[in-house]
Each structure stands twice: as C-alpha cells, then as structure tokens.
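Notes to accompany the following structure.
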Amino acid sequence: MRKKLVVGNWKMHGSRAANAELLAGILGARPFTCDVGVCVPFVYIADAAVSLAASDIRWGSQDVSPHEQGAYTGEVSAKMLRELGCRYAIVGHSERRAFHQESDQLVADKAKTALGHGLTPIVCVGETLEQREAGQTEAVVKRQLSAVIHTLGHCAGEMVVAYEPVWAIGTGRTATPEQAQAVHAVLRAQLQAATSHAETMKILYGGSVKPDNAATLFSQPDIDGGLIGGAALKATDFVAICRAAG
Ligand code: PEP
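Going by my numbering, the first residue of the sequence shown is number 180, and it counts up by one from there.
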C-alpha cells in the first residue's frame, strides 16, 4: 500500500504575511495521515523552512536549474535548494513547458540534477485539450515520461510523477476519476517496464483538485495523491484535500 502524498503548488502567489497565515492554518490542522508538502516561490523558501522545520510537512521549489553552478543569471541550483532544506522540486510543470519552452530533455536534465542533490523531483506530464481530442494522450505522456526515465537510468524509481492534464489546470475542469486512472495506469505500466520500484512509486494527479472531488480521485488504484494549485492557497481547502487523501 502506497502512502498518499499531497503537495501544494503555490505558483507565483503569496506574500510573507499571507504565507505565514496559510502555513499556520496547515500546521494547526495536523496530524495528517498522508505525507504533505508545499512548493513555494524561491524567495519564500527560507521562510517556509523556518515555519515548517519542526513539523513533518516538507517544502520544495517549483523549478530547479539543470546546471550545477556558474554563469546562469536568474537560475537557482539544486545544491542551493538542498541547503535550504527542500525535499521536493517540481520539474516540467505545463506552465514552464508552455511559457518557457521547456523540452522533454530539459525537464529530464532538471530531474537528474535535483536527484543528484537529494531532492525528489516531482515530474509533471500531461496533454493539452487538442492532443486529448486527437487521441494522443497516451503517446504524449509516455514520450514526456520516457525522456526522464532514460536520463535518470537506475535512479528513475526515486522520482514522483504528476499527471496534470493541461486542460484541467486552473480551469475548474477536472479529469473524471476514470479518465485520470486510465492515464495513471499507463504511466505505472511504463514505470514497471523501466524500474523494479514501480509498485512503490507515487503518481499524483493534478488539475482542479478541490475538497469536493479529491476523495473520489484519490480512491482510484493508481492515484497516490495530488499536486494542488489554486486550492493550495486556502488553508481550509488544502487541509480538506489532505484529509481526503486518508
Ligand atoms: C497545478 O498548477 O499544478 C495545478 C494542479 O493547478 P490547479 O489545481 O489550480 O488546477
């Protein structure tokens, strides 16, 4: 039985005051049965580390440089994130793939650098509405995951995968539990073919998860928790989603 994991992706939201209130709300609702994490903007990681250090809630980033160090203005290295106690680094979020032209290989390189420094990469994959309607969902997510599997090699079993259909992110339109499960099963089979750890690996679902749809999504056999955007910004909603994870 895989322990569920719920991770908040705050995206580019927040302020020091709002974040402190949000984290206090989450901390005050402990204990949780599932593992819980928050991936916050880079500038707030140090604050999150202070607030969460004495708890079992982990924190992380929303991106990481594929480079070790050097003349890469604006980038943040995995080593720096680790120094601030990060557990997770989201890589390949669809907003980064779309707005920053991140390729499958770049996402894979980021995942590798993260792992090399003890961060767990949360690797996002997902199809656009156009791709779904063209019957390409399976091919797209398999291609995206395959680049990461190849690049990580024997370490592939250490990543967390997040299936996030692009058409469900921030739209209020959620994949049905059956639609999500079908893709999760495809991803699990792909991991099974590549690593002996597939049965213990976590595959999260992300895309308009809310308190009222979380439990049904999380009850699917291959859905091991969620990557939560909008609903992670309100403590009561995020806490309710964590509770729904069991
Ligand atoms: C996300 O951005 O990872 C996400 C799942 O967003 P939302 O929950 O708002 O759809």
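For glycine and all other residues, C-beta sits at the position ideal for the given N, C-alpha and C.
query: What number of angstroms, rounded off, separates the C-alpha of Phe417 from the C-alpha of Cys303?; result: 20 Å
query: Consider the C-beta atom of Asn188 and the heavy atoms of the ligand PEP; say whether any pair is separated by less than 7 Å.; result: yes
query: Would you say the beta carbon of Leu331 is closer than 7 Å to some non-hydrogen atom of the ligand PEP?; result: no
query: Where does the unbroken alpha helix (DSSP H) through Cys421 begin, and where does it stop?; result: 414-423
query: What separation, rounded to the nearest whole angstrom, lies between the Cα atoms of Gly351 and Gly386?; result: 8 Å
query: Regarding Ile236 and the ligand PEP, is the C-beta to nearest heavy atom distance less than 7 Å?; result: no
query: By Cβ distance, which residues of its chain are closer than 6 Å to Val217, with the 5 residues on each side in sequence left out?; result: Gly187, Trp238
query: Sort Glu262, Thr330, Glu274, Leu308 by Cα distance to Lys289 and report the nearest one.; result: Thr330
query: Please go through the same chain and pick out, in chain order, the residues whose beta-carbon is closer than 7 Å to the beta-carbon of Arg275, but skip the five residues on each side of it.; result: Asp242, Glu281
query: Consider the C-beta atom of Ala410 and the heavy atoms of the ligand PEP; say whether any pair is separated by less than 7 Å.; result: yes
query: I think Ala287 touches Val327, with their Cβ atoms under 8 Å apart; what is that distance to the nearest whole Å?; result: 4 Å
query: Is the number of C-beta pairs between the region 334-346 and the region 366-382 that are closer than 8 Å three or more?; result: yes
query: For Trp346, which of helix, strand or coil comes out of DSSP?; result: helix
query: Just verifying my parser: in three-state terms, what is the DSSP assignment at Pro245?; result: coil
query: Once DSSP output is grouped into helix, strand and coil, what is the label at Arg352?; result: coil
query: DSSP on Ile269, reduced to helix/strand/coil?; result: strand
query: Counting along the chain, where does the beta strand (DSSP E) carrying Val215 start and finish?; result: 214-218
query: Tell me whether Ile301 counts as near the ligand PEP, meaning its Cβ is closer than 7 Å to at least one heavy atom of that ligand.; result: no
query: Using a C-beta cutoff of 8 Å, does Ile205 count as contacting chain D?; result: Among the protein chains of the structure shown there is no chain D, as only one such chain exists.
query: Which residue or residues does DSSP assign as beta-bridge partners of Tyr384?; result: Tyr342, Gly405
query: Residues in the same chain with beta-carbon distance under 6 Å from Val270, minus the five sequence neighbours each way, listed in chain order, please.; result: Val286, Lys289, Ala290, Pro300, Val302
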